[in-house]
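Okay, so the sequence shown: first residue is 1 according to UniProt numbering, each after it adds one. Right, one structure below, let's go through it.
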Amino acid sequence: MLRLPTFVLPDYAQNNSSSTHNGIHSDSHQTTDRRHSTLSEIPALPDCPLMDDALSHRASISTDDFSNSNDSPGSWDGEGPSDSSSMAESHVRIHDPSAASASHHFPSSGSVSHKPTFGFNIIAHDPDVSMVEVTPKVEELDDVDDLQTIKPAGVEAMTDNSHLSSSSSGAPVNVPRKRGRPRKHPLPVPGNQVKITKGRSKTGCITCRRRKKKCDETKPACLNCQKNAVVCEGYPPKEIWKSGRQKLEDAFRSQSFLPRSLPLLIDGVESDIDRRFLDHFVYGFSRVLTLINDDSNPFKEILLPMATQHRGLMHSLMCLSGSHLSGLDPEPKLKERKYYHFHRAIRDLKDNINTSSKTSEEEPELLVEDPIIASTIALSLNTICEGETNGEYRPHMDAARYLLVTQQPRNEKFRQFIVEFFQYHDVSNSITSLDRRPALLHGDLRLPDFVPHAQAGMFLGVFDGLFNYISEVTRLRDRIRQRFNEGYEPAVDYQILSDAVSIDSAIRVWETSHTPDTPNWFLAQLYRQSTWVYLYRTIRPSRPSDKIAQVVDDGLAYLDQLPQDAGAYSIVLMPLFLLGCSAFIPEQRERIQKGFESLKAYSNLRNIEPAFTVVQRVWEVMDTKIEESWDWEKIIKDMNMDFLIT
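And the structure:
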């Protein structure tokens with residue numbers, strides 16, 4: 001039979017009692033009355049060990065009516081009398097020590113607590129016996145199932161009979177009781193390793209760390225990224241720890257090193273986009289500016305070597321190439337870089353002109369450098385690439401005219417090229433404006449003494465004299481317009497007719513030196529047809545006729561003979577514009593429209609679209625006010641447009 005632990009009340013507890021020296025009376029009634037008054041003064045009992053799980057989970061044994069019970073504690077272990085009449089009982093309930101007051105007294109029996117409580121049946125033997133047996137009573141707790149797995153330390157010692165029994169001398173064993181309520185959660189089993197939470201790894205790939213995923217750290221690319229179909233960005237470089245002294249030494253060493261940057265090989269070519277502009281200028285854009293597509297192209301043979309020695313001219317050429325390339329590729333970086341070169345070219349051009357002006361006062365014979373003149377021409381072409389229609393070309397063309405008229409370029413080869421280039425654009429500009437008249441009319445600009453062969457010409461119509469006839473027709477148009485505005489009748493007088501007949505005779509006998517049945521020869525015939533159409537539309541009434549229809553058809557036939565990749569397409573816009581302003585027949589207009597489309601596909605110059613817009617407007621005037629359709633210069637002005645048709 002399991003022996004229950006016995007407890008002996010301390011002496012001071014007995015001394016404080018109002019009972020006799022022998023302890024507790026056997027009268028149960030008196031004991032019950034005294035119980036409430038005396039136990040409240042008893043101090044806390046010494047600690048006792050917790051009971052065994054089997055004992056603590058056994059049904060509570062109540063001794064409130066112990067006198068009627070046949071199972072007395074004394075009968076369990078064979079000790080003590082079995083007669084309940086000679087025993088007095090006292091029932092005490094002790095709350096959880098955690099809820100006890102600071103005075104360490106037990107609360108009164110009438111207090112209510114939700115905490116688990118322990119009951120004690122105090123059994124008093126014969127008054128002569130000073131030992132008191134205390135039978136612990138355990139009330140059931142909540143979550144009993146959870147407590148079954150708990151086995152506090154020291155339980156094995158409590159279940160051992162040798163420790164529970166009294167010593168051989170009869171003195172009870174006083175085992176201290178642990179304070180506090182039992183644990184609901186099991187204690188860690190000794191010997192098992194407690195899992196330690198590890199910190200987040202910082203050695204994974206950049207992609208997994210950004211996606212907050214676990215990385216398998218496979219190199220060079222992790223398999224986790226491959227499994228999830230994402231691009232593995234690799235691993236961040238390993239940082240080597242350095243002390244403060246090493247960091248200071250590295251900082252001092254980096255400051256003491258010489259800079260690794262190298263100077264620019266060519267001023268104006270500063271970035272990858274600039275190199276792209278340069279390649280486009282050499283291999284693509286230069287071929288749409290002149291008849292020559294080989295290495296003898298003057299933009300590659302003359303201007304580019306000059307630009308390597310002059311930063312302002314290089315900025316102008318890079319701006320020109322960037323404007324043309326941005327029309328093919330609308331990438332924002334190209335446009336941004338194009339505007340950068342444009343502003344730098346303008347600034348350098350102003351600085352160079354101001355510097356030359358100050359020097360010229362001291363040395364009057366000193367000429368402006370040739371790259372400055374070339375820069376003005378390049379900026380004029382930039383307005384063609386941009387498709388600007390508000391007269392942006394005017395200041396550049398005026399500056400080039402002034403420089404060419406007031407002084408002569410130093411390099412003879414450059415002088416031949418730049419004079420031909422300027423006169424071609426200057427004469428063509430007079431065809432579409434009311435106030436822009438070519439320098440040939442005033443004799444301000446003399447052609448070079450050396451007139452090269454037609455094959456060596458960069459443009460058609462300048463060195464072979466055809467543009468002289470166009471300039472004379474422009475003068476006749478000014479005279480007719482003046483007479484018409486002043487109200488003279490007829491507007492075309494006999495003097496104008498006489499001059500027109502002379503120009504007609506010159507056009508008829510004009511011959512080109514280009515080899516027959518070659519692209520340049522077909523282009524020369526197209527120029528001849530368009531020059532005669534320009535003369536016919538100037539002095540003849542604006543109405544359909546067989547003569548004008550025949551000349552327009554012949555000009556379009558020459559245009560159809562040009563190959564799609566012929567360099568002649570670079571200067572087709574001006575004659576095509578003149579034929580379009582004379583197309584009275586709808587079939588001819590359709591062929592004119594196809595010609596503009598072919599020209600746009602070849603050169604991608606953005607002044608082609610506004611030129612075709614003007615032609616369409618002239619067709620509308622032909623269909624409504626046919627007599628006014630001859631003066632397309634006035635029509636362009638009414639449209640608030642001003643651009644080059646070159």
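The C-beta atom is built at its ideal place from N, Cα and C for all residues, glycine as well.
- Minimum Cα-Cα distance from Leu-466 among the listed residues Leu-262, Phe-612, Pro-541, Trp-510 corresponds to Trp-510.
- Between Tyr-527 and Leu-460, the gap from beta carbon to beta carbon is short of 8 Å.
- For Tyr-393, no alpha helix (DSSP H) segment is defined, and its DSSP state is neither H nor E.
- For Asp-638, the enclosing alpha helix (DSSP H) stretches over residues 632-638.
- With contact defined as three or more Cβ pairs closer than 8 Å, the stretch 603-610 and the stretch 551-561 are not in contact.
- Assigned with DSSP and collapsed to three states, Asp-348 falls in helix.
- According to the DSSP assignment, Phe-467 belongs to the alpha helix (DSSP H) that extends over 466-486.
- Taking C-beta atoms as the reference points, Ile-418 and Met-574 fail to come closer than 8 Å.
- As summarised for the stretch 487-555, the continuous alpha helix (DSSP H) elements at least 4 residues long and confined to that stretch are 494-509, 519-539, given in chain order.
- Residue pairing from DSSP places Asp-642 in a beta bridge opposite Asn-390.
- Per DSSP, the unbroken alpha helix (DSSP H) holding Gln-593 starts and ends at 586-603.
- The Cβ-Cβ distance between Ser-321 and Phe-277 falls below 8 Å.
- Between Thr-646 and His-425, the C-beta spacing is below 8 Å.
- When the beta-carbon positions are compared, His-324 and Asn-640 stay at least 8 Å from each other.
- In this chain, Gln-407 is not harboured by any alpha helix (DSSP H), its DSSP state being neither H nor E.
- With contact defined as three or more Cβ pairs closer than 8 Å, the stretch 301-316 and the stretch 340-353 are in contact.
- Relative to the Cα of Glu-239, the nearest Cα in the group Thr-203, Val-230, Pro-330 belongs to Thr-203.
- Look at Lys-238 here: in three-state DSSP terms it is coil, with no helix or strand label.
- The beta carbon of Ser-542 sits closer than 8 Å to the beta carbons of Met-622, Ile-626, Glu-627, Glu-628, Ser-629, Trp-630 from its chain, once the five residues preceding and following it are set aside; these are given in chain order.
- Comparing alpha-carbon positions, the option among Thr-474, Glu-412, Val-473, Arg-436 lying closest to Ile-302 turns out to be Glu-412.
- Between the C-alpha atoms of Ala-307 and Tyr-469 there is a straight-line separation of about 35 Å.
- When the Cα atoms are used, Leu-579 and Val-552 turn out to be separated by approximately 6 Å.
- In the structure shown, Ile-302 falls within a helical segment according to DSSP collapsed to helix, strand and coil.
- Here the stretch 397-404 makes contact with the stretch 368-386; the two share three or more CB pairs at distances below 8 Å.
- Under the DSSP assignment, Glu-620 falls in the alpha helix (DSSP H) whose first and last residues are 608-624.
- Around the beta carbon of Asp-348, 16 or more other beta carbons lie within 10 angstroms, which makes this residue buried.
- A buried status is given to Leu-291, since no fewer than 16 other beta-carbon atoms sit within 10 Å of its beta-carbon.
- Within the model, the alpha-carbon separation for Leu-599 versus Asp-517 is close to 21 Å.
- In the three-state scheme derived from DSSP, where H, G and I count as helix and E and B as strand, Ile-266 is classed as coil.
- Excluding residues up to 5 positions away in sequence, Cys-205, Ile-206, Pro-220, Ala-221 lie with their Cβ nearer than 8 Å to the Cβ of Gly-234 in the same chain.
- DSSP, reduced to helix, strand and coil, places Asp-294 outside both helices and strands of the structure shown, so it counts as coil.
- Per the coordinates, the alpha-carbon of Ser-530 lies some 27 Å from the alpha-carbon of Ala-378.
- Apart from sequence neighbours up to five positions away, the residues of its chain that approach Lys-335 with a beta-carbon distance below 7 Å are Ser-326, ordered along the chain.
- Minimum Cα-Cα distance from Gly-595 among the listed residues Asp-478, Trp-619, Leu-556 corresponds to Leu-556.
- In the three-state reduction of the DSSP assignment, Cys-222 falls in the coil class.
- Distance from the CA of Leu-497 to the CA of Asn-429, rounded to the nearest whole angstrom, comes to 24 Å.
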